[in-house]
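Position one of the sequence shown corresponds to residue -14 (our numbering), numbered consecutively onward. Data first, discussion second: the structure below is written as structure tokens.
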Amino acid sequence: MEKHSKRAKELVALGLLTAALSLCGALRPRDLHSQNSSALAFSWADAEKLEVLPKDDIFFTNNEAQFILQIPKTLPSDVQTELPNFPEGVTFNSSKKSDYITKEGNAGTEVDLWFTFRQTGNFAFSPLVIYVKGRRYVIKFKPVEVYENPRTINPRLIVVFDGGETITADAKKTPTLTLESNKAARFTVYLQYALQAQQYAWNIPKDSLFTEIKRYTEKNAPRKSSDFTTEKVPISYFEWTPFAAGTTSLPEIKMMVTAYSGRSVYLTTPECIVTIAPQKKDGLLKSGDEQGSVYAYAFTEDTTKNKEKQKSAYSPFDCAEIAKLRSQERRA
């Protein structure tokens, strides 16, 4: 009798287990997802925190650019999007909705958008309109800056003086600069839009001193073509002391660099009209530096000798007194 009772209990337990497994099997992952997402309903407060973000920090022309919007507490089937009008030079390619799980373990919807930029510049899109279960929300795009494709962009040299004057080759008109003769001016040569400076040299400007003070070897380490940066990389620091007043150009620095396309490019310092003003005077010629004083001394009259000459000369009064004394000596 006890055996039959034990067997009956086992059958009941097995039946309950089978029923439980059947119930779990009837609940599909989508139903669980629905229960999870509906537990926390999407609200206006959630929408205010959202922004359509660029996937990458830097975008380039003629390359596909991706933007991402993650909407928590929603299912892809509950979300519809309404695209805005895009700025000139922007082409919309495609979009996609998919599931994603938040850090808190809640269900959400990810909206991916792909564009192509045909020109460089700063771009600010009109807001993206989304509908969650028929309710309308407006989500802003994060503005982005688009650069020339590294495979087509040209490297360039930039000269920055210690006083802040910056000389670039892509200026709309030839830049100008005024320096003082016999006075040292220091500047840094930067390389931009290139992987590395292979080698460089310079011609010593006429009627001047020109010295390389520092070479930034560690900054000029080789980089991969995928490591694009818009930052200016310092290459070398120079001191230039012009002696002759007049009009000249920047010291010619010649550099062979590796572009992002992999090709070697020959660069020179940017064109610039440099006016060398005469050294400021205050009585005697001021020496802007020791080198300048050497040249100034060669063309400056020795004032010490002049003073000695002035001291050795006699006035008419002195001459009369001397003649009177000599006359008295003769009579004596």
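Yeah, the Cβ is synthetic: ideal placement off N, Cα and C, and Gly gets one too.
To the nearest angstrom, how far is it from the Cα of residue i to the Cα of residue j?
| i | j | result |
| --- | --- | --- |
| Asn70 | Pro112 | 9 Å |
| Thr87 | Gln55 | 9 Å |
| Thr159 | Pro255 | 9 Å |
| Lys271 | Tyr175 | At Lys271, the pLDDT of 46 sits below 50, so the modelled position is not reliable and the matter cannot be decided from this model. |
| Ile115 | Thr76 | 20 Å |
| Ala186 | Met241 | 9 Å |
| Phe223 | Thr233 | 17 Å |
| Thr46 | Glu67 | 25 Å |
| Phe110 | Ser79 | 16 Å |
| Val250 | Ile143 | 15 Å |
| Arg208 | Val131 | 21 Å |
| Val149 | Cys257 | With the sequence shown as reference, residue 149 is identified as Gly, and Val is not the correct amino acid for it. Cα to Cα, Gly149 sits roughly 15 Å from Cys257. |
| Phe52 | Glu36 | 10 Å |
| Leu60 | Glu33 | 19 Å |
| Gly320 | Arg121 | Lying before the first or after the last residue shown, residue 320 is absent from the chain, which here runs from -14 to 317. |
| Lys118 | Pro135 | 43 Å |
| Glu165 | Lys217 | 28 Å |
| Tyr178 | Asn48 | 17 Å |
| Thr161 | Ser28 | 59 Å |
| Phe108 | Ile124 | 16 Å |
| Thr153 | Ile220 | 15 Å |
| Arg200 | Leu235 | 19 Å |
In the DSSP assignment, what residue or residues form a beta bridge with residue i?
| i | result |
| --- | --- |
| Ala32 | For Ala32, which the question treats as bridged, DSSP gives no partner whatsoever. |
| Gln177 | Arg141 |
| Ser79 | Trp99 |
| Thr196 | Glu224 |
| Asn107 | Glu130 |
| Leu38 | Ile53 |
| Thr153 | Ile143 |
| Phe45 | Tyr132 |
| Gln183 | DSSP lists no partner for Gln183. |
| Asp84 | Thr94 |
Specify, as a first and last residue, the run of the beta strand (DSSP E) that residue i falls within.
| i | result |
| --- | --- |
| Asp97 | 92 to 102 |
| Val259 | 258 to 262 |
| Leu162 | 161 to 165 |
| Val117 | 113 to 117 |
| Leu252 | 249 to 253 |
| Glu49 | 49 to 57 |
| Tyr122 | 120 to 124 |
| Val242 | 238 to 243 |
| Gly231 | 231 to 233 |
| Glu67 | 64 to 67 |
Does chain C have any CB closer than 8 Å to the CB of residue i?
| i | result |
| --- | --- |
| Lys88 | Of the chains in the structure shown, none is chain C; there is only one protein chain. |
Discussion item. For the pair the stretch 127 to 140 and the stretch 84 to 101, tell me if three or more CB-CB distances fall below 8 Å.
Written reply: no
Worksheet item: Counting pairs of beta carbons, one from the stretch 185 to 201 and one from the stretch 215 to 231, are three or more of them closer than 8 Å?
Response: yes
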